[in-house]
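Protein chains in written order, with full-length UniProt numbering: chain A, 1 to 333; chain B, 1 to 426. C-beta atoms are modelled at their ideal positions from N, C-alpha and C, and glycine is treated no differently.
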Amino acid sequence: MMRSDPRALQLNEHGQLKHFLTLDGLNKTILTEILDRADSFLSMGEQSVKKVPLLRGKTVVNLFFENSTRTRTTFELAAKRLSADVINLNIETSATSKGESLLDTLQNLEAMQSDMFVVRHSDSGAAHFIAEHCTPNVAIINAGDGRHAHPTQAMLDMLTIRRNKGQFEGLKVAIVGDILHSRVARSQIHALTTLGVEDVRLVGPKTLVPSYFADLGATICHDMSAGLDDVDVVVMLRLQKERMSGALLPSESEFYRLYGLTEEALSWAKPDAIVMHPGPINRGVEISSEVADSDRSVILDQVTNGIAVRMAVLSMSMSGQVQEQQGGLGVEA
Amino acid sequence: MKLRIINGRVIDPSQDLDATIDLFIDDHKVVGLGEVPDGFEEAEVIDAGGQWVLPGLVDVAVALREPGYTQKGNIATEGRAAISGGVTTLVCPPDTNPIVDTPAVAALIQDKADQAGMVNVFPIGALTQGLEGGHLSNMVALTDAGCVALSNHRRPMRNTLVLSRALEYAATHDLLVVFHPDESSLSEGGCAHEGMMSTIHGLAGIPETAETIALMRDLLLIEKTGVRAHFARLSCAKSVEMIADAQASGLPVTADVALHNLLLTDEVLNEFDGQFHVIPPLRGENDRLTLIEGIKQGAISAICSDHQPHEKMAKIAPFAATEPGMANVEILLPLALQLMDEGDLSLTDVLKTLTSGPASCFGLEAGSLKPGSFADFILFDSTQSWTWSDDVRRSKGHNSAFDGIELTGRVTQTYVSGQCIYSFSG
Chain A
1 MMRSDPRALQ LNEHGQLKHF LTLDGLNKTI LTEILDRADS FLSMGEQSVK KVPLLRGKTV
61 VNLFFENSTR TRTTFELAAK RLSADVINLN IETSATSKGE SLLDTLQNLE AMQSDMFVVR
121 HSDSGAAHFI AEHCTPNVAI INAGDGRHAH PTQAMLDMLT IRRNKGQFEG LKVAIVGDIL
181 HSRVARSQIH ALTTLGVEDV RLVGPKTLVP SYFADLGATI CHDMSAGLDD VDVVVMLRLQ
241 KERMSGALLP SESEFYRLYG LTEEALSWAK PDAIVMHPGP INRGVEISSE VADSDRSVIL
301 DQVTNGIAVR MAVLSMSMSG QVQEQQGGLG VEA
Chain B
1 MKLRIINGRV IDPSQDLDAT IDLFIDDHKV VGLGEVPDGF EEAEVIDAGG QWVLPGLVDV
61 AVALREPGYT QKGNIATEGR AAISGGVTTL VCPPDTNPIV DTPAVAALIQ DKADQAGMVN
121 VFPIGALTQG LEGGHLSNMV ALTDAGCVAL SNHRRPMRNT LVLSRALEYA ATHDLLVVFH
181 PDESSLSEGG CAHEGMMSTI HGLAGIPETA ETIALMRDLL LIEKTGVRAH FARLSCAKSV
241 EMIADAQASG LPVTADVALH NLLLTDEVLN EFDGQFHVIP PLRGENDRLT LIEGIKQGAI
301 SAICSDHQPH EKMAKIAPFA ATEPGMANVE ILLPLALQLM DEGDLSLTDV LKTLTSGPAS
361 CFGLEAGSLK PGSFADFILF DSTQSWTWSD DVRRSKGHNS AFDGIELTGR VTQTYVSGQC
421 IYSFSG
């Protein structure tokens, strides 16, 4: 009745990545390896020749069922810097949201002998679904599935924190805003707790921060001053416009008043606290322009780091996938 | 035809019977147990060979998918699935296409079942026309056409006034109303129990209050209108307490639970496997244990399969995009018997909730082997081990979360009105 733990789905028999679906279940060693490798790619980005041949001859398909310019572009750049051939496919799912179209699409793409799918989809679990229903020699990279996970975003945030703060132990990190609908926050919580951050705070009203998150090892704060008190890192989440017209929040202005990151709010954090945001930012809704443009903000560093982290994840997953295929053949022979 | 069933362990909770005695059948009915009835001369002897002899099972939730959704199942395939599982009486929901809101559709379903010659099929009629929650259906005509109860299934009523009127009208004619307690504004868009598991996995949750708020409203309206009521598919611990309290205060309400809600919890969401997508959702361990306790204490008197067959593609999608429901009517009995280990239920408790319990909820003459009852019974080999899989499945539905499970016990023969209509051949 039960299959094996799906978190094992993304690892080969040597414990190496062969897909990258979620940070849930990945250990500190793997996360650190991703960060180390991304660091080495970062220094490469500063050189005039930015390409390495790690994915030469491989075909990477960016399969976006949900619109995203920034994430898609950085994945594309990452794959190209690894010398892969890249195809971008934007597939609107509004007409046929059922599984038929998704499965049919996948089978067509498999027939084109792609090696890797970078997938964004509005359903939680879509990347797992694709990893389970694809031929075994295609690596699946989750570029965001519903509210569930956005593991490369969380890892680029970890890289940004490590490059600014040196290490994770002893840090205090606040994540502020719409945690309920955020796949970024879910992946960040897994990453932070795995890498050794003991004080992770989730800040927002009860409508956006369900109490169940406490079970993940985070502390829930409904008050901004308590949430930001003495923290080293402030992560602001994007507040989607549509959330503000319903019953979740009374208005933009009330949210900004209570949970917006103003200079005053930032003064509650440590003097050297950094400010992060997965972008794109809503100035005057979750963050003030002064803070967003200040030297405390590392929002643009995050974008640069995003390319390096995605290069690391793509190359590691491909090599794990290739090893698996070779190992699998070896066993059969 | 006079039948004598020998060498069987006859277990019938309706008469507190568990003994190795003979069962005597004459002209479709049970005429005696143990002692040979006066003047009885059997035309045929059936040697049960030490197997259990049980009343035919009564399943109050088997979707036959016909008319309208025959890609998922039809009366012949799902009927055969039911009898191979030992179900001799079933109640089917009104959510066919067209909906069971006219006597013609109710009659069509029963005629097709008769033609298939298999089970006693009792439709539930729609409480409102088209299940749209606005206009009352022709409740009396539906009842005259064979509907055993009326329900708006899981579709919302337009407002509480329409619900109240519908219940008053049903009460006028002493009709049974089946409630699927659900406050749709709270459950809409949800696909899993609202809790830690759905939160971590980013699946839209269905809170417990979606069920309990509707249940409390329904109980107040039942009290006011005096309608006879049955609650279908309880999933929350609090619901069990509310039903028990209502019963203690003298309200004539009964309740059932789907077998999968007694065996599984939202722990299985880890897999993102759409086979576990059911409505109401699999909830927490405390809910599961309280539902089982509700059976022990008598607040819940029926376990059903909540059989909802689907075509293969309905489950091949990311979790939330799959269609909800499982198809397990064929393994209802051996799966339910696992509750003796999983939930510390007695054999009598399990069998009662599959036979006389559901029959009494719906006022059906079924689920008993008392003399005078219809001779609907099954032979069950309680020792046979087998694996549940696609290879043995009779239902058109490919959606059982229990595929590959090892089962102990198998229905080997099913009799309806003294006629053998199913016999397992190894």
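Item to check | Bridge partners - LYS206(A), DSSP secondary structure assignment | outcome: For the purposes of this step, residue 206(A) is identified with residue 206 of the first sequence, where counting begins at 1. LYS206(A) is not bridged to any residue.
Item to check | Minimum C-alpha distance to PHE255(A) - residue among SER211(A), GLY144(A), ALA218(A) and LYS206(A) | outcome: In the first sequence, counting from the first residue as 1, residue 255(A) sits at position 255. Measuring C-alpha to C-alpha distances from PHE255(A) to each of SER211(A), GLY144(A), ALA218(A) and LYS206(A) identifies LYS206(A) as the nearest.
Checklist entry - Listed from N- to C-terminal order along the chain, which residues in the stretch 103-126 of chain A have their beta-carbon within a distance smaller than 8 Å of any beta-carbon of chain B? => result In summary, the residues of the stretch 103-126 of chain A whose CB is separated from some CB of chain B by less than 8 Å are LEU103, HIS121, ASP123, SER124, GLY125 and ALA126, in the order they occur in the chain.
Item to check | Outcome for GLU169(A) when other beta-carbon atoms lying within 10 angstroms are tallied against a minimum of 16 | outcome: For the purposes of this step, residue 169(A) is identified with residue 169 of the first sequence, where counting begins at 1. Classification of GLU169(A): exposed, given that the 10 Å Cβ count is below 16.
Checklist entry - What are the boundary residues of the alpha helix (DSSP H) that includes CYS134(A)? => result Here residue 134(A) refers to the residue found at position 134 of the first sequence. First-last for CYS134(A): undefined, no H or E at that position.
Next on the checklist: Please give me, in chain order, every unbroken run of the alpha helix (DSSP H) with length at least 4 that falls completely inside the stretch 319-364 of chain B.
Outcome noted: For the stretch 319-364 of chain B, whole alpha helix (DSSP H) runs of length 4 or above, ordered along the chain, are 332-337, 339-342, 347-352 and 356-361.
Next on the checklist: Please report the distance separating the alpha-carbon of LEU208(A) from that of THR77(B).
Outcome noted: Sequence index remark: in the first sequence, residue 208(A) carries index 208 (1-based). Sequence index remark: in the second sequence, residue 77(B) carries index 77 (1-based). Each residue's alpha carbon lies about 47 Å from the other.
Checklist entry - So the alpha helix (DSSP H) ILE213(B) belongs to, where does it begin and stop? => result For the purposes of this step, residue 213(B) is taken as residue 213 along the second sequence, with counting starting at 1. Residues 208-225.
Next on the checklist: Taking 9 Å as the threshold (beta carbon to beta carbon), is GLY202(B) in contact with chain A?
Outcome noted: Here residue 202(B) refers to the residue found at position 202 of the second sequence. Taking Cβ atoms only, chain A reaches closer than 9 Å to GLY202(B), which makes this a yes.
Checklist entry - What first and last residue would you give for the alpha helix (DSSP H) that runs through ILE161(A)? => result If you number the first sequence from 1, residue 161(A) lands on position 161. First-last of the alpha helix (DSSP H) with ILE161(A): 151-165.
Next on the checklist: For the stretch 146-157 of chain A, list every residue whose C-beta sits within 8 Å of some C-beta in chain B, in sequence order.
Outcome noted: GLY146, ARG147, HIS148 and ALA149
Checklist entry - In or out: ASN159(B) buried (at least 16 other Cβ within 10 Å) or exposed? => result For the purposes of this step, residue 159(B) is taken as residue 159 along the second sequence, with counting starting at 1. By the C-beta density criterion, ASN159(B) is exposed, having fewer than 16 other C-beta atoms within 10 angstroms.
Checklist entry - Is LEU136(B) helix, strand or coil by DSSP? => result If you number the second sequence from 1, residue 136(B) lands on position 136. Strand, per DSSP.
Checklist entry - In chain order, which alpha helix (DSSP H) runs of at least 4 residues are fully inside the stretch 66-134 of chain B? => result List check, alpha helix (DSSP H) in window: 75-84 and 103-116.
Checklist entry - Do GLY300(B) and THR353(B) have their CB atoms nearer than 9 Å? => result Counting from 1 along the second sequence, the entry for residue 300(B) is found at position 300. Counting from 1 along the second sequence, the entry for residue 353(B) is found at position 353. Sequence inspection shows Ile at residue 300(B); the Gly mentioned does not correspond to that position. Contact: yes.
Checklist entry - Going along the chain, which residues of the stretch 210-234 of chain A sit with their C-beta nearer than 7 Å to a C-beta in chain B? => result Within the stretch 210-234 of chain A, the residues whose Cβ lies closer than 7 Å to some Cβ of chain B are PRO210, TYR212, PHE213, ASP215 and LEU216, listed in chain order.
Next on the checklist: Considering only DSSP beta bridges, list what LYS29(B) is partnered with.
Outcome noted: The sequence position of residue 29(B) within the second sequence is 29, counting from 1. The partner list for LYS29(B) (beta bridge, DSSP) reads ASP26(B) and PHE374(B).
Checklist entry - Rounded to a whole number of angstroms, what is the C-alpha to C-alpha distance between MET316(A) and ASP232(A)? => result One-based indexing of the first sequence puts residue 316(A) at position 316. One-based indexing of the first sequence puts residue 232(A) at position 232. MET316(A) and ASP232(A): Cα-Cα distance of roughly 30 Å.
Checklist entry - Around the Cβ of GLY99(A), are there at least 16 other Cβ atoms within 10 angstroms (buried) or fewer (exposed)? => result Numbered from 1 along the first sequence, position 99 holds the residue referred to as residue 99(A). At GLY99(A) the pLDDT is 49, less than 50, meaning the model places this residue with poor confidence; the figure from the coordinates comes in the next sentence. Classification for GLY99(A): buried.
Item to check | the stretch 363-374 of chain B touching the stretch 15-27 of chain B, judged by at least three CB pairs closer than 8 Å | outcome: yes
Checklist entry - Can you name the residues of chain A whose CB is closer than 8 Å to the CB of PHE272(B)? => result The sequence position of residue 272(B) within the second sequence is 272, counting from 1. Ordered by position in chain A, the residues that pass the 8 Å Cβ test against PHE272(B) are PRO6, SER124, GLY125, HIS128 and PHE129.
Checklist entry - What's the gap between the Cα of GLN10(A) and the Cα of THR254(B)? => result Working through the first sequence from its first residue, we reach residue 10(A) at position 10. Working through the second sequence from its first residue, we reach residue 254(B) at position 254. Using only the alpha carbons, I get a separation of about 47 Å.
Checklist entry - In three-state terms, what does DSSP make of HIS181(A)? => result Counting from one through the first sequence, the residue named residue 181(A) turns up at place 181. Correct three-state label for HIS181(A): coil.
Item to check | Beta-carbon proximity check, GLY189(B) vs ARG183(A), cutoff 9 Å | outcome: As a position in the second sequence, residue 189(B) is number 189, starting the count at 1. As a position in the first sequence, residue 183(A) is number 183, starting the count at 1. Contact flag unset, no.
Checklist entry - In terms of residues, what are the limits of the beta strand (DSSP E) holding MET116(A)? => result In the first sequence, counting from the first residue as 1, residue 116(A) sits at position 116. From DSSP, the beta strand (DSSP E) with MET116(A) extends over 116-121.
Checklist entry - Under 9 Å, do VAL125(B) and ALA145(B) count as touching if we go by C-beta distance? => result Taking the first residue of the second sequence as 1, we reach residue 125(B) at position 125. Taking the first residue of the second sequence as 1, we reach residue 145(B) at position 145. Note that residue 125(B) is Gly in the sequence shown here, rather than Val. Yes, Cβ-Cβ distance for GLY125(B) and ALA145(B) is below 9 Å.
Item to check | Beta-carbon proximity list for LEU221(B), same chain, < 7 Å, skipping 5 on both sides | outcome: Counting from 1 along the second sequence, the entry for residue 221(B) is found at position 221. Closer than 7 Å at Cβ, skipping near neighbours: LEU163, SER164 and LEU167.
Item to check | Members of the stretch 184-201 of chain B that neighbour chain A once the beta carbon cut-off is set at 7 Å | outcome: GLY195, MET196, THR199, ILE200 and HIS201
Next on the checklist: Using only the alpha-carbon positions, how far apart do VAL416(B) and HIS28(B) sit?
Outcome noted: Here residue 416(B) refers to the residue found at position 416 when the second sequence is read from its first residue. Here residue 28(B) refers to the residue found at position 28 when the second sequence is read from its first residue. Annotation: VAL416(B) to HIS28(B) spans about 8 Å, alpha carbon to alpha carbon.
Checklist entry - Any heavy atom of the ligand NAD closer than 8 Å to the Cβ of ALA61(B)? => result As far as ligands go, the structure on display features none, and thus does not contain the ligand NAD.
Checklist entry - Which chain B residues are close to ARG186(A), counting only those with a beta carbon under 8 Å from its beta carbon? => result Looking up residue 186(A) in the first sequence gives position 186. Residues of chain B passing the Cβ test: ILE200 and GLY202.
Next on the checklist: Would PHE179(B) pass as an interface residue toward chain A - the criterion being a Cβ-Cβ separation below 9 Å?
Outcome noted: Against the second sequence, residue 179(B) aligns to sequence position 179. No, because no Cβ of chain A sits closer than 9 Å to the Cβ of PHE179(B).
Item to check | CA nearest to the CA of GLN247(B), picked from ILE279(B), GLY298(B), PHE276(B) and HIS277(B) | outcome: If you number the second sequence from 1, residue 247(B) lands on position 247. Minimum Cα distance to GLN247(B) is reached at GLY298(B).
Item to check | The alpha helix (DSSP H) enclosing ASP36(A), as first and last residue numbers | outcome: In the first sequence, counting from the first residue as 1, residue 36(A) sits at position 36. 28-45 is the extent of the alpha helix (DSSP H) around ASP36(A).
Next on the checklist: Within 9 Å of any Cβ in chain B, is that where the Cβ of ARG162(A) sits?
Outcome noted: Taking the first sequence and counting its residues from 1, one reaches residue 162(A) at position 162. It does not: the Cβ of ARG162(A) has no partner Cβ on chain B nearer than 9 Å.
Checklist entry - Taking only beta-carbon atoms, is HIS14(A) less than 9 Å away from chain B? => result Your numbering for residue 14(A) matches position 14 in the first sequence. Taking Cβ atoms only, chain B never reaches closer than 9 Å to HIS14(A), which makes this a no.
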